[in-house]
Amino acid sequence: MHRSAPRLSRILACAAVPVMLVAVGCSSDSDSDSKKNAGSSSSGTASTKPSEPTVEAARFDDLPDPCTSIAKKTIKDLVPEAKKKNGTAGRSNDLAARSSCSWNGLDDKGVDGSQYRWLDVGFTRFDSDQSLGSGAKRATAEYAKQVTKAQASEGAEKVAAEPAAGIGEEATVVTYGLTKTDEDFAYATVVARTGNVVVTLTYNGAGYAGAKTPSSASIVKGAQKAAKEAVAAVADTADAKVTPPAKSGSDDSKKDTARDTAKGSGSDSDSPKSTTKPKTKSS
């Protein structure tokens, strides 16, 4: 009996060793798998980036011909005796993004003096950009910039600005007086936004050789009328891309709003030549 006790102890000890090794091995594999899974999960989470919101698409992708954006009859009424009936187009490297046209003329009334008028219309279009924002948002910023610029015109007197209803999505008319070539000019600038396009229209006039300076009210009325037509031309240009052209000889093709090719280049002067007779000063 005394010999068998030590032997039994050795057998039990040897039998216990494999159980421990197996337990240790299982524990090690389990820990390793847990770490791998954790690392894989962490790596997957880090590589996922939130998607940026897509900016709104620009409403207009082209601009109208500025020299035909205002009806010929309107030009005749606002700028009598215009030197160039079809206007003078401004220079531009990209007519789909920026364009302009101007008219000027001196209506000589003999002993009653002369009336000078000048009209200019400009268009600026903005595309939507993921980093810069939508075309409408960018146009809104340009709209505010142009209103501020009009109010800060050099030499301007009695500057005033107020909303102009019924012209685009938003519009402001800026009025002021300006003295140049020894004459008093009345100015009105209408800045309007329609979608991603900004329209800036300036109309001014003066009386020469004893003629009276036009009233601010008449200048504002003319500027607003022309601005409405210019804004409408932006939409007409977009519609023309999806609407079949009118048949040759139809009444629509004869309308005043037909888009003829503008002639001339450069920019018109906004005041008549110095050869105009000086104003007669009343005593």
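Numbering that gives the first Met the number 0 numbers the first residue of the sequence shown as 0 and each following residue consecutively.
Note that beta-carbon positions come from the ideal geometry of N, C-alpha and C, so glycine has one too.
A residue is called buried when at least 16 other Cβ atoms come within 10 angstroms of its Cβ; Pro-213 meets this threshold and is buried. With at least 16 other beta carbons inside 10 angstroms of its own, Leu-62 counts as buried. Apart from the 5 residues on each side of it in sequence, Ser-133 sits with its Cβ closer than 6 Å to the Cβ of Val-54, Glu-55, Ser-127 in its chain, given in chain order. No Cβ-Cβ contact shorter than 9 Å links Lys-136 with Gly-154. For the pair Gln-145 and Val-190, the Cα-to-Cα distance works out to about 7 Å. For Arg-90, the three-state secondary structure derived from DSSP is coil.
The continuous alpha helix (DSSP H) containing Glu-228 extends over residues 215-239.
As computed with DSSP, Pro-65 is found in no beta bridge at all.
By DSSP's assignment, Ala-159 forms a beta bridge with Thr-174.
A direct Cα-Cα distance of roughly 19 Å separates Asp-93 from Ala-229. Within 10 angstroms of the beta-carbon of Thr-147 lie fewer than 16 other beta-carbons, which makes it exposed.
CA-CA distance, Ala-187 to Thr-201, rounds to 6 Å. Taking the Cα of Gly-167 as reference, the smallest distance to any Cα among Lys-220, Trp-117, Val-219, Ala-232 is reached at Ala-232. Between Arg-192 and Glu-161 a beta carbon distance of about 16 Å is seen, past the 8 Å cut, so the two are scored as non-contacting. Judged by DSSP in its simplified three-state form, Thr-212 adopts coil rather than helix or strand.
At the C-beta level, Ala-185 and Gly-176 come within 9 Å of one another.
Each residue's CA atom was taken as its position, placing Leu-131 and Ala-140 some 11 Å apart. Using a Cβ distance threshold of 9 Å, Val-120 and Ala-234 do not count as a contacting pair. For Lys-179, the three-state secondary structure derived from DSSP is strand. Under the three-state reduction of DSSP output, Gly-104 falls in the strand class. Listed in chain order, the non-local C-beta contacts of Ser-91 below 7 Å within the same chain comprise Arg-97, Ser-98, local neighbours out to five positions each way being set aside. Residue state for Arg-58 is assigned as coil, using DSSP reduced to three classes.
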